[in-house]
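All letters in the sequence shown, in the order written, are residues 621 to 933 by the working numbering.
The beta carbon of each residue, even a glycine, is placed where N, CA and C say it ideally should be.
Note that the structure is predicted; figures quoted are calculated from it, not measured.
A quick write-up on the structure given underneath.
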Amino acid sequence: MARRKDAEQFNRRDEQVAVDLLTQLHSTPRGRRALIILVVCAVLIAGGYWLITRHASSPAIAGPTVRIATWNMHVFAPRPAIRLDTIASIIRSSKFDVVAMQEIRENGEEVDALLGQLNASWHRSPFSAITGNHERFVFIFNTDHVQEIGPAHSIDLSVAHQFSRTPYEDTFQSGPFTFKLITCHLYYGEGSAGHQRRAHETQLLAAYANDEVLVRRVPDVIVLGDFNEMNGVEGNLHFFRDLGWETLNADPTNLHGSEIYDNLLIDPKVMSQWDGTAGSIHFDLSFAGNDKLAVESVSDHRPAYADFLTGAH
């Protein structure tokens with residue numbers, strides 16, 4: 621009982637000391653300034669703690685598969701008719717876990733606005749530097765299922781200058797499955813000059829990716845993006861196939877359903893996690909044949925995707 625009374629007396633004494641100190645501080649101009657500084661510091665500390673706890677993500681919980689997608693976003697910058705809510709709905713309903721995005725314009729503010737339409741578990745990598753045609757690359761990913769290992773960076777500078785748009789890479793993990801993504805948007809151009817430029821870029825990219833696997837011993841490499849592979853002309857993805865790589869998507873990715881511009885490629889000699897699922901999302905069908913509105917609202921490309929086993933149970 622005596623201990624409780626002593627504790628109460630100490631508490632009252634501490635409270636009185638605090639009141640006296642605040643009164644003294646408030647009684648002079650210098651004291652009031654000091655009090656304001658203390659209050660501001662307390663607010664900043666509390667706000668910083670809130671931000672850290674608000675954005676600290678819990679460890680990713682991997683499912684049995686991870687769905688990796690690539691999407692050319694068609695001049696992705698603020699424009700009057702764009703429907704970020706529709707794009708976010710496509711990403712959610714398609715159950716994408718990671719999306720490699722091409723044709724990001726300006727400072728990437730539209731990507732951040734898109735993340736605002738998705739739930740708080742969606743984050744992005746750093747943006748690439750501005751490449752050809754004033755474009756950037758970025759990866760967005762669902763931290764509920766995927767962890768970014770990083771670092772995100774442009775490919776080896778010894779070959780980077782030979783691309784119109786320097787490919788961009790980042791490393792992620794889902795459960796025990798760690799994988800490197802190399803995304804590209806290869807040169808688009810018609811006629812022999814355009815084809816030769818695109819063929820040169822494809823050959824360089826195939827050699828770079830193959831060296832990642834065989835020389836730098838990075839086994840789980842996925843090359844994905846807009847390869848501008850066109851029907852009716854000699855294709856360029858044979859540069860990958862000649863090295864033993866495999867294209868995963870056989871579903872057209874343009875809105876007319878005639879071209880497989882967008883794809884994902886792996887080396888099956890060293891990578892066995894692909895579960896056989898791949899395709900593209902035909903979001904344009906919901907626009908009832910109005911391709912112009914589909915392009916203005918979303919994109920002129922369908923996203924392509926593939927599923928990979930994570931090894932998680």
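Quiz item: Cβ atoms of G728 and F747: under 8 Å apart, would you say?
Solution: yes
Quiz item: Is DSSP giving I966 helix, strand or coil here?
Solution: Residue 966 lies beyond the residue range present for the chain, which begins at 621 and ends at 933; the question has no answer from this structure.
Quiz item: Given a threshold of 16 other Cβ atoms within 10 Å of its Cβ, counted over all protein chains shown, does G752 qualify as buried or as exposed?
Solution: exposed
Exercise. Drop a sphere of 10 angstroms on the beta-carbon of S917, count the other beta-carbons inside from all chains shown, and report buried for 16 or more, exposed for fewer.
Key: buried
Quiz item: What residues are listed by DSSP as bridge partners for N874?
Solution: H921
Quiz item: Buried or exposed: where does E789 fall if 16 or more other Cβ atoms within 10 Å of its Cβ makes it buried?
Solution: buried
Quiz prompt | Sub-8 Å separation of L801 and I842 beta-carbons | solution = yes
Exercise. Starting from I802, follow its DSSP beta bridges and name the residues at the other end.
Key: E789, V843
Quiz item: Are there 16 or more other CB atoms within 10 angstroms of the CB of E726, so buried, or fewer, so exposed?
Solution: exposed
Quiz prompt | Proximity of D862 and G899 at Cβ, strictly below 8 Å | solution = no
Quiz prompt | Boundaries (first-last residue) of the beta strand (DSSP E) holding L704 | solution = Run containing L704: none in the beta strand (DSSP E); it sits in the alpha helix (DSSP H), 704–713.
Exercise. May I ask which residues mark the beginning and end of the beta strand (DSSP E) holding S882?
Key: Note that residue 882 is Asp in the sequence shown, not Ser. It spans 882–886 - the beta strand (DSSP E) in which D882 sits, taken as one unbroken run.
Practice problem: Hey, could you find the ends of the alpha helix (DSSP H) G770 is sitting in? | Solution: Premise fails: G770 is in no alpha helix (DSSP H) and is neither H nor E.
Quiz item: Starting from A949 and walking both ways along the alpha helix (DSSP H), at which residues does that stretch end?
Solution: With the chain covering only 621 through 933, there is no way to say anything about residue 949.
Quiz prompt | Limits of the unbroken beta strand (DSSP E) element including D904 | solution = Run containing D904: none; DSSP gives neither H nor E here.
Practice problem: State the DSSP-derived secondary structure class of E726, mapped to helix, strand or coil. | Solution: coil
Quiz prompt | Cβ neighbours of K715 in the same chain (closer than 6 Å, five flanking residues each side left out) | solution = R687
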